[in-house]
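Per the working numbering, the very first residue in the sequence shown carries number 1; after that it's consecutive.
For glycine and all other residues, C-beta sits at the position ideal for the given N, C-alpha and C.
Read the structure below first, then the notes.
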Amino acid sequence: MSKDFSEIDINVLKKFNQPGPRYTSYPTAPLFSPEFTAEDFTAEIISTNSGENASDISLYFHFPFCESLCYFCGCNMMVSKNRDHIREYNDYLKREIDNLAPQISKNRKAAQMHWGGGTPSYLYPQEIRDIGGYIRAKFDFAEDLEASVEIDPRGLTREHLEAFREIGFNRTSFGVQDFNLKVQEAINRVQSEEITRQTVEWARELGFESINLDLIYGLPHQTLESFAVTVEKIIDISPNRIAVFNYAHVPWLKKHQNIIPDSALPSPDERLQILKMTIEKLISAGYEYIGMDHFAKPTDELAVAQKNNTLYRNFQGYSTKAGCDVYAFGLSAISQFQNIYAQNLKNLKDYYKRVETGFATTNVGYRMTDDDHIRKETIMQLMCHLAIDKRSIEEKFNINFEDHFADSIKKLDVFIADNLLENTAEKIKIVGAGKMVIRNIAMCFDAYLEKMIKEKPVFSKTV
1 MSKDFSEIDI NVLKKFNQPG PRYTSYPTAP LFSPEFTAED FTAEIISTNS
51 GENASDISLY FHFPFCESLC YFCGCNMMVS KNRDHIREYN DYLKREIDNL
101 APQISKNRKA AQMHWGGGTP SYLYPQEIRD IGGYIRAKFD FAEDLEASVE
151 IDPRGLTREH LEAFREIGFN RTSFGVQDFN LKVQEAINRV QSEEITRQTV
201 EWARELGFES INLDLIYGLP HQTLESFAVT VEKIIDISPN RIAVFNYAHV
251 PWLKKHQNII PDSALPSPDE RLQILKMTIE KLISAGYEYI GMDHFAKPTD
301 ELAVAQKNNT LYRNFQGYST KAGCDVYAFG LSAISQFQNI YAQNLKNLKD
351 YYKRVETGFA TTNVGYRMTD DDHIRKETIM QLMCHLAIDK RSIEEKFNIN
401 FEDHFADSIK KLDVFIADNL LENTAEKIKI VGAGKMVIRN IAMCFDAYLE
451 KMIKEKPVFS KTV
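In structure tokens:
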């Protein structure tokens, strides 16, 4: 056990358990505005594709459909058992690709691809091959492509995984959440341990290079003892990566979460005890705590990238492919370039109508300011490298770090006092159990947060 986590003070963590962003972007999505239009997005595409040294690209495709509703879900998804609806969506997704792909320079290779949802694996194997083949024909893919897909093991067949491998996927993430049956029934997601083990075995046999399993703590009826059993089973399955997410109970944003009674949820103290136990068990089993909610084996590329200071963070979470413009397709998907964010329409009929016009399906977006760039770099260094290199920030942006962040630095004192952070002349560095409150530390550098929180509740709690 790393001594950093052997003496975690629950009382210290409790005072930092407040609403805050996950910082998959900066500024965060609530600041996106309809003032940023489809025309703005198209102009930015032209601008980013005009240079000879344009970066590689990352492709994201959103498949919103699920067979059933998981009550904890916070994703942009919809339940449908009508396969015609899925086929229609796939057709419109192809049309959106047709509208956008010709505007992207042929010199730019796709170095990364991610399918999320919803449930991409809800597609039939032939549908996977069809849409995957269509995408492969429209873009030039890098030889070292990193391609990942989110998969629900329930209802999955080996042929599904074969289809994903055939079109180039080499990484996968399986949803587990919790193996306890009482918890599974409470969240409307019953999934046996046997199904999960079979799915992982298939993925290994088919040559997926990295396998991630998702867990969620803070779910209804979860206890320290019951979740410890789940964690031990996950360790025995031995995936390359493990994500341990904090259940975001936001029924004012996701109305279906009202199905989960507050009385069934673990208390704040219990949640923190569950998190502490999980971290201790995973570190003892040899996993490296990447930060926030991700763990990886020391040989996994995420852990290696963090050691080499090449880890990056975007809307898909942690990534090893820094510097790629993200082109996102499908309902609610978010594109991310150096200077802008652009989110697609969230309503299916509106999305279809826009696709038919041939214009970009942008709904809202954001153009970054000079100060946004400085703060984004600072927050990303913290989230990915667990430290902020003051001199590198100063050199990159021609600022005096102490002057520019005078107000932010004052807010760090509480973390320093609790031995979670060190502030030296050269660096601000996370120490001890500071990884557990990394979102809170990042919040000190967010210029918009106080105003957002005062206006309306939009974020889940951080711990």
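- By the criterion of a C-beta distance shorter than 6 Å, Ile86 is surrounded in its chain by Phe65, once the five residues flanking it on both sides are discounted.
- In this structure Glu159 is in contact with Pro125, their Cβ atoms being roughly 4 Å apart against a cut-off of 8 Å.
- Listed in chain order, the beta strand (DSSP E) elements of length 3 or more contained wholly in the segment 173-245 are 210-217.
- In the three-state scheme derived from DSSP, where H, G and I count as helix and E and B as strand, Asn400 is classed as coil.
- Following the DSSP letters along the chain, one finds Met113 inside the beta strand (DSSP E) bounded by residues Ala110 to Gly117.
- When the Cα atoms are used, Ile135 and Thr223 turn out to be separated by approximately 44 Å.
- Assigned with DSSP and collapsed to three states, Asp262 falls in helix.
- Where Asp413 is concerned, the enclosing alpha helix (DSSP H) starts and stops at Asp413 to Ala417.
- Of the residues assessed, Gly117 falls on the buried side of the cut-off, its CB having 16 or more other CB atoms within 10 angstroms.
- Under the three-state reduction of DSSP, Lys255 is assigned to helix.
- Scanning the segment 404-455 for uninterrupted beta strand (DSSP E) segments of 3 residues or longer gives 421-423 and 427-430, listed from N- to C-terminal end.
- Within the DSSP bridge table, the entry for Leu59 names Met113 and Tyr327 as partners.
- In terms of CA proximity to Gly175, Thr199 leads the group Lys182, Val458, Glu394 and Thr199.
- Boundaries of the alpha helix (DSSP H) harbouring Glu162: Arg158 to Glu166, taken from the DSSP string.
- Fully enclosed beta strand (DSSP E) runs of no fewer than 3 residues occupy 334-336 and 340-344 of the segment 331-357, in order along the chain.
- One alpha carbon belongs to Val229, the other to Val364, and they sit about 43 Å apart.
- Contact between the segment 378-389 and the segment 303-318 is present: 3 or more CB-CB pairs across the two stretches fall below 8 Å.
- Of all C-beta pairs linking the segment 143-155 to the segment 84-100, fewer than three are shorter than 8 Å, placing the two stretches out of contact.
- Cys324 is a Cβ neighbour of Ser55, given a cutoff of 7 Å.
- When rounded, the separation of the alpha-carbon atoms in Ala264 and Pro220 is 5 Å.
- By the criterion of a C-beta distance shorter than 6 Å, Tyr327 is surrounded in its chain by Ile57, Leu59 and Ser335, once the five residues flanking it on both sides are discounted.
- Classified as buried, Ile340 has 16 or more neighbouring CB atoms from the shown chains inside 10 Å of its CB.
- Distances from the alpha-carbon of Ile46 to those of Lys349, Arg439 and Gln103 put Gln103 closest.
- Where His249 is concerned, there is no enclosing alpha helix (DSSP H), because DSSP gives it neither an H nor an E.
- In the three-state reduction of the DSSP assignment, Leu123 falls in the coil class.
- Partner residues in a beta bridge of Ala360, as assigned by DSSP, do not exist.
- Taking a contact to require three or more Cβ pairs closer than 8 Å, the segment 258-277 and the segment 12-28 qualify as touching.
- Look at Cys73 here: in three-state DSSP terms it is coil, with no helix or strand label.
- The DSSP-derived three-state label of Ser68 is coil.
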